[in-house]
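Those sequence lines, one after another, are chains A and B. Take any residue in the first sequence, count from 1 to its spot, add 122: that is its number in our numbering. Take any residue in the second sequence, count from 1 to its spot, add 122: that is its number in our numbering.
Number of protein chains: 2
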Amino acid sequence: MSLKFILLGLLDQPRSGYDIKQIFEGTLKNFWNAELSQIYPLLSKLEREGYLESDLVDSSHGPRRRIYHRLAQAETELFDWLASEPDMPVARIGYLAQMFFMEKVSPKQRCGFLHRLRERFEQQHRFLSGLTAQYPLEDFEQNTPSQDDPQASSERYLARVLTMHHGVLRLKALIDWCDLCLCWFDRLPKNS
Amino acid sequence: MSLKFILLGLLDQPRSGYDIKQIFEGTLKNFWNAELSQIYPLLSKLEREGYLESDLVDSSHGPRRRIYHRLAQAETELFDWLASEPDMPVARIGYLAQMFFMEKVSPKQRCGFLHRLRERFEQQHRFLSGLTAQYPLEDFEQNTPSQDDPQASSERYLARVLTMHHGVLRLKALIDWCDLCLCWFDRLPKNS
DNA sequence: TGTTCCATGTAATAAGTTACATGATTTA
DNA sequence: TAAATCATGTAACTTATTACATGGAACA
Numbered sequence: 123m124s125l126k127f128i129l130l131g132l133l134d135q136p137r138s139g140y141d142i143k144q145i146f147e148g149t150l151k152n153f154w155n156a157e158l159s160q161i162y163p164l165l166s167k168l169e170r171e172g173y174l175e176s177d178l179v180d181s182s183h184g185p186r187r188r189i190y191h192r193l194a195q196a197e198t199e200l201f202d203w204l205a206s207e208p209d210m211p212v213a214r215i216g217y218l219a220q221m222f223f224m225e226k227v228s229p230k231q232r233c234g235f236l237h238r239l240r241e242r243f244e245q246q247h248r249f250l251s252g253l254t255a256q257y258p259l260e261d262f263e264q265n266t267p268s269q270d271d272p273q274a275s276s277e278r279y280l281a282r283v284l285t286m287h288h289g290v291l292r293l294k295a296l297i298d299w300c301d302l303c304l305c306w307f308d309r310l311p312k313n314s
Numbered sequence: 123m124s125l126k127f128i129l130l131g132l133l134d135q136p137r138s139g140y141d142i143k144q145i146f147e148g149t150l151k152n153f154w155n156a157e158l159s160q161i162y163p164l165l166s167k168l169e170r171e172g173y174l175e176s177d178l179v180d181s182s183h184g185p186r187r188r189i190y191h192r193l194a195q196a197e198t199e200l201f202d203w204l205a206s207e208p209d210m211p212v213a214r215i216g217y218l219a220q221m222f223f224m225e226k227v228s229p230k231q232r233c234g235f236l237h238r239l240r241e242r243f244e245q246q247h248r249f250l251s252g253l254t255a256q257y258p259l260e261d262f263e264q265n266t267p268s269q270d271d272p273q274a275s276s277e278r279y280l281a282r283v284l285t286m287h288h289g290v291l292r293l294k295a296l297i298d299w300c301d302l303c304l305c306w307f308d309r310l311p312k313n314s
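What follows is the structure in C-alpha cells.
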C-alpha cells in the first residue's frame, strides 16, 4: 500500500512513470524500490480511481510520454497517510536468518560471510556519508540568512536530508555489529 | 526463497507447522515472520519436492499433528545457502517513505510522528536488551569451564545470541536518529 | 456454556519480480 | 551499423496477507 502513497507524493509536479523510476534509482532506493512493471499499472489504476489524470506529450528526443498529475483526492489521502501511524511492517532480514543458523558451518565460512556482509555495509555507508556531507544540517538553522523566502529553499528539504542520516546511523551500527560478531567468533576454538 | 531455508533450518529436529509458527512468534519475529497459511502449504510442497518427510502423530491434548523431519537433500541445500552471499534484498522502510514527504505537514504533526516512532523503537529496544542480558557474551569465552562437552552448550548458540545484539545496536541507532530529527525540527520556525 | 488454545488446512487477494514485446532516437 | 537510452506496456510467476472453514480439548 505504501507504493501508492509514494507515487502520489512524487507527483507534487507532473511526471511520467519513467521519470518516477529515475527517482527511485537515484535517491529513493535507500528505503524503497519499484520496477517499471509495477509502476505503470499502478499509475493507470490510480487514474481509474480518480487520484490522477494524464496527458500524452510528445518528446523532442524519443517516444511520446504519458505525464501524470495529481488531483485533490490524492493530496487528501497523502496527508492522511503522513499524519497516520508510522508504517513498520514485520522486518524480513534475510542475512540475519542466515546468521541464526550460522553455527552449522565452519568458523572459516562464518567469518567469510561476515566479512562480505561488512564490506557491503561499508560501501553503502561510504556512499551515504558522502551524500549527506553535501547537505550540512547547519544550513537549516533557523537564524540563517535567506529567511526572506519562507516557502522555498532550506526548510522544504530538511526531512529529506534527515532520511539520509537514517541510513548513515543505521549502517554505522550494522558495521559495529559485524565487528562484534567477528570479535566473538574469533574467541572460539578453530576446530569445530 | 528465504522462508524455504528457514523452515529447513528449523527442522533440525522433527516439528509440526504449528510448532514452527510458535518459534516465529517467540524468537524469530525480530527478523522474519510467516503466517500458518504460508507455512502449511510450503511444508507440503517441500515434502513433495523431496526435502522433507512427515508422519501423523496423535496428540495427548488435541488433534493429531503432522510432524516433519528433514532429509539429506535439505541439509545440503541449507549449507549451500549459509555459505552463499548474504541475502540483502532492497530495503522497504515505510516510515522512511513517510519521512521523505514529511515536509508537507505541520511541525506539530511531524514531531508527533517522530515521537510515536521513537516510542516503538524504544519498546523493541527495551525488550531485546532484556533478552540479551540473559545470555552474556562472556559465557562464550573459550577459556571458560565446561570445555568437557564440546558439542553442547555455549558454542552452539553464539550465532543466535549475536542476532539479538543486531537488534539492540540497530534500534539504539534508530532511537538516536529520532532524537536527531526532533532536535532539528525544533530549530525550525513554528509557523509553517 | 462460552472462550481460549490446539491443530490443519483452503481461497482470494495484494504486492513484487522476471521475462517478454515493441519501437523511436541518440551516440559511438 | 551496433549499442545504449528513452519510453510504455503485458504476462507469468512468486511471495505474503487476510479471510474463511473445521473441529477437538481444556478451562472458567
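Even glycine gets a Cβ: it sits at the ideal position worked out from N, Cα and C.
Short of 6 Å from the beta carbon of V179 (chain B), and not among the five residues preceding or following it, lie these beta carbons of its own chain, in chain order: R187 and I189. With 16 or more other Cβ atoms inside 10 Å of its own Cβ, G289 (chain A) counts as buried.
Here Q246 (chain A) is buried, its C-beta having at least 16 other C-beta atoms within 10 Å. Here H183 (chain A) is exposed: its Cβ has fewer than 16 other Cβ atoms, across all protein chains shown, within 10 Å. Our two residues, R240 (chain A) and L239 (chain B), have alpha carbons roughly 27 Å apart in a direct line.
For D141 (chain B), the enclosing alpha helix (DSSP H) stretches over residues G139 to G148. Any Cβ of chain A closer than 7 Å to the Cβ of I161 (chain B) would place that residue at the interface, and such an atom is absent. Annotation for P185 (chain A): the continuous beta strand (DSSP E) segment containing it runs G184 to R192.
Linking S159 (chain A) to A255 (chain B) through their CA atoms gives a straight-line distance of about 47 Å.
Per DSSP, the beta-bridge partners of V179 (chain A) are A:R187. According to DSSP, residue pairing for L174 (chain A) in a beta bridge involves A:R192. Between A205 (chain A) and Q231 (chain B), the C-beta gap is smaller than 7 Å, which places the two residues in contact. In the structure shown, the three-state DSSP call for M210 (chain A) is coil. Nearest to L130 (chain A) by C-alpha distance, out of B:I297, B:P136 and B:Q220, is B:Q220.
In this structure the segment 281–295 of chain B lies against the segment 294–303 of chain A, because at least three pairs of beta carbons, one per stretch, are closer than 8 Å. At least one CB of chain A lies nearer than 7 Å to the CB of D298 (chain B). The segment 161–181 of chain B makes contact with the segment 134–150 of chain B; the number of CB pairs closer than 8 Å reaches 3 or more.
The three-state reading of DSSP puts Y257 (chain B) in coil, since its state is none of H, G, I, E or B. For M286 (chain B), the number of other beta carbons within 10 angstroms of its own is at least 16, and it is reported as buried. By the CB criterion at 7 Å, P208 (chain B) and Y217 (chain A) fall inside the cutoff. DSSP, reduced to helix, strand and coil, places A281 (chain B) within a helical segment of the structure shown. For the segment 238–254 of chain B, the residues whose beta carbon sits under 8 Å from a beta carbon of chain A are, in order, R238, L239 and R242. In this structure, DSSP gives L132 (chain A) a helical state, which the three-state scheme calls helix. DSSP, reduced to helix, strand and coil, places R309 (chain B) outside both helices and strands of the structure shown, so it counts as coil. A buried status is given to M224 (chain A), since no fewer than 16 other beta-carbon atoms sit within 10 Å of its beta-carbon. Sixteen is the threshold: since fewer than 16 other Cβ atoms of the shown chains lie within 10 Å of the Cβ of S181 (chain B), the residue is exposed. Inclusion of F127 (chain B) and L200 (chain B) in the CB contact set at 7 Å is warranted, their separation being smaller than that value. Flagged as an interface residue toward chain A: R292 (chain B), by a C-beta distance shorter than 7 Å. A Cβ-Cβ separation of about 17 Å leaves L150 (chain A) out of contact with R192 (chain A) under the 8 Å criterion.
Between D202 (chain A) and the set B:F235, B:I215, B:D177 and B:W203, the nearest pair of CA atoms involves B:F235. Interface with chain B (7 Å Cβ-Cβ cutoff): D209 (chain A) is included. Taking all protein chains shown into account, S138 (chain A) has 16 or more neighbouring C-beta atoms within 10 Å of its C-beta and is therefore buried. Going by DSSP, F222 (chain A) is part of the alpha helix (DSSP H) stretching over G216 to F222. Between P229 (chain A) and L310 (chain A) a beta carbon distance of about 6 Å is seen, short of the 8 Å cut, so the two are scored as contacting. For Q231 (chain B), the neighbours in chain A by C-beta distance under 8 Å run, in chain order, L204 and A205.
Non-local beta-carbon contacts of P136 (chain A) in its own chain, meaning distances under 7 Å to residues more than five positions away in sequence, involve I189, Y190 and H191 in chain order.
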